[in-house]
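Before any comments, here is the structure.
In our numbering, the protein residues as written are 431 to 643.
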């Protein structure tokens, strides 16, 4: 790998290859606050200009998004998902390892989504850190944030918003927690992800979409 390509990956998490922009979303999605030292992150302030470049660069025919994330900043992750969904270029996502929490909207934001059998997806309620004012307005605000997330997911997959909310609030699936963990096969069966597959299938689908466009 030449030095220029190495620097491109380190700065934006992406690489252009024969007209295909390969974008990686790995580790924790870092947003308005820096993650702890030593934490592997995807920085949204790097991803935004990378996505703008994809949209305007005529040499780029499509985007392959490789995902293995534990989630992270809700607003920033959702912002990235909205940007991916708004691209005019064909997009395909591939979940490897896992796409948890706010990683779920990112996985479904592409035109077509794949997941490997061994990967998992976790859907759970919005969590907040730091100072929390225990008044009804705070809870209503969290409900509004969750509604934005579940509506986006349902708009970009085959699941209804009510079904997603049911998985989000499920009790008994996790130890001392609320939510649902789906295997790769379950994610496809429920209509959250389009198809089981790996790198070969993802590239084939993206080439198909690029030729159609």
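Just so you know, even glycine gets a beta-carbon here, dropped at the ideal spot from N, CA and C. Note that the structure is predicted; figures quoted are calculated from it, not measured.
Opening and closing residue of the alpha helix (DSSP H) in which residue i lies
i	result
residue 477	474-486
residue 537	533-538
For residue i, three-class secondary structure by DSSP
i	result
residue 567	helix
residue 500	strand
residue 453	strand
residue 629	helix
residue 526	strand
residue 459	strand
residue 514	helix
residue 601	strand
residue 577	helix
residue 493	strand
residue 439	Summary for residue 439: the model assigns pLDDT 47, below 50, so the residue's position carries little reliability; its value from the coordinates is reported in the next sentence. Of the three classes helix, strand and coil, the one that applies to residue 439 here is helix, per DSSP.
residue 607	strand
Close Cβ partners of residue i (< 8 Å) along its chain, the five nearest in sequence each way excluded
i	result
residue 500	457, 458, 528, 530, 531, 533
residue 474	459, 460, 461, 503, 506, 507, 509, 510
Other residues of its chain near residue i: CB distance less than 7 Å, five sequence neighbours each side excluded
i	result
residue 591	580, 581, 584
residue 482	none
Any non-hydrogen atom of the ligand MN closer than 7 Å to residue i Cβ
i	result
residue 531	As for the ligand MN, it is missing from this structure, which has no ligand bound.
Residue i - partner residues in DSSP beta bridges
i	result
residue 613	550
residue 469	According to DSSP, residue 469 bridges with nothing at all.
Span of the beta strand (DSSP E) around residue i
i	result
residue 623	Unbroken run through residue 623: none, as it is neither H nor E.
residue 545	542-545
Contact belief for residue i with residue j at Cβ below 8 Å, rounded distance in angstroms
i	j	result
residue 517	residue 478	Not confirmed; about 12 Å, so no contact.
residue 496	residue 536	Not confirmed; about 11 Å, so no contact.
residue 470	residue 490	That belief does not hold up - the Cβ atoms of residue 470 and residue 490 are roughly 26 Å apart, past 8 Å.
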